[in-house]
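Colleague: A single structure is presented below for examination.
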Amino acid sequence: MYKVGDRILGKYEILELMKPGSFGAVFRVHNYAIDRQSVVKIVCADDPTYLKELIESYAQHSCKHDKIVEIHACEIIEFQPPGAAVTPAVAMELEWIPGGT
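Take any residue in the sequence shown, note its place counting from 1, add 22, and you have its number in our numbering.
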């Protein structure tokens, strides 16, 4: 189980464990590689050959609107949810908006 202070994905330090969404784990993090506070959302991918989640993140990234959170980065990773097997996942670094959901 992840906790505040853990480093994940090689460049993020967890600052807060956020309420998980219906799709996966969500963390407020400090990206120490570029000194930026952001949110990391990890979404398990049902089918790694299809990766609908990755396609959706690319589509969201191309949408520029003040009501749509910006995606800073997106990558395919191996993720192991607590008590589960390792699974393919999509990790998205999202804009941090204090007080947002």
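We put the CB at the ideal spot given by N, CA and C, even for glycine. As the structure is a prediction and not an experimental result, all values here were calculated from the model.
Got a sec: is the Cβ-Cβ distance from residue 118 to anything in chain C below 7 Å?
Modeller: In summary, chain C is missing from the structure at hand, where a single protein chain is found.
Colleague: How far does the beta strand (DSSP E) with residue 110 in it extend, from its first residue to its last?
Modeller: Residue 110 -> beta strand (DSSP E) spans 109-117.
Colleague: Between the alpha carbons of residue 37 and residue 49, how many angstroms are there, rounded?
Modeller: Roughly 7 Å between the two C-alpha positions.
Colleague: Helix, strand or coil for residue 24? Go by DSSP, reduced to three states.
Modeller: If DSSP states are grouped into helix, strand and coil, residue 24 belongs with coil.
Colleague: To the nearest angstrom, how far is it from the Cα of residue 94 to the Cα of residue 107?
Modeller: Whole-angstrom Cα-Cα distance: 28 Å.
Colleague: Which runs of the alpha helix (DSSP H) spanning at least 4 residues fall entirely within the stretch 39-64, listed in chain order?
Modeller: Whole alpha helix (DSSP H) segments, 4+ residues: zero.
Colleague: With 16 as the cutoff for other CB atoms within 10 Å, does residue 61 come out buried or exposed?
Modeller: With 16 or more Cβ atoms within 10 Å of its Cβ, residue 61 is classed as buried.
Colleague: Residue 114: buried (16+ other C-beta within 10 angstroms of its C-beta) or exposed?
Modeller: It is buried - the Cβ of residue 114 has at least 16 other Cβ atoms within 10 Å.
Colleague: Starting from the C-beta of residue 26, find all residues in its chain whose C-beta is less than 7 Å away, skip the five residues before and the five after it, and write them out in chain order.
Modeller: Contacts found: 36, 37, 38 and 39.
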